[in-house]
Amino acid sequence: MAKYRVNKNTQSPNYDHEVHKEGCVWWPTQNYVDLGEHSSCTTAVAAAKAIYPDANGCKTCSPQCHRG
Ligand SMILES: [Zn+2]
């Protein structure tokens, strides 16, 4: 299990709400929603989508959940 957070701020280049796994260089330390622990980014992004329908996996830490 790993901790995940979704950024409250939209980010370029796609201006969606990015989901990050703990340890990511883009791990948000402010303006985030804690998603709790997940075994994969799939469920983490699903949880984030309940808050932000445009939630997207981070290309760096969750490439298998990133849609371009
Ligand atoms: Zn990330």
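Residue numbers (the numbering used here): 393 to 460. Don't be surprised by glycine CBs; every beta carbon is placed ideally from N, CA and C. Keep in mind it's a predicted model, so treat the numbers as computed, not measured.
Taking any heavy atom of ligand 1 as the mark, which residues have a C-beta closer than 5 Å to it, listed down the chain?
Listed along the chain, these residues meet the criterion: 412, 416, 418, 450, 452, 453.
Beta-carbon within less than 7 Å of residue 444's beta-carbon, same chain only, minus the 5 sequence neighbours each way: which residues are those?
Answer for residue 444: 398, 409, listed in chain order.
Could you check the C-alpha separation between residue 407 and residue 452 for me, to the nearest Å?
Those two C-alpha atoms are separated by around 16 Å.
Compare the Cα-Cα distances from residue 419 to each of 431, 434, 400 and report the closest residue.
The option with the nearest alpha carbon to residue 419 is 400.
Within its chain, find whatever has a CB closer than 7 Å to the CB of residue 436; leave out the 5 residues flanking it on each side and keep chain order.
If we look at residue 436 and ignore the five residues flanking it on each side, its Cβ neighbours are 396, 411, 427, 430.
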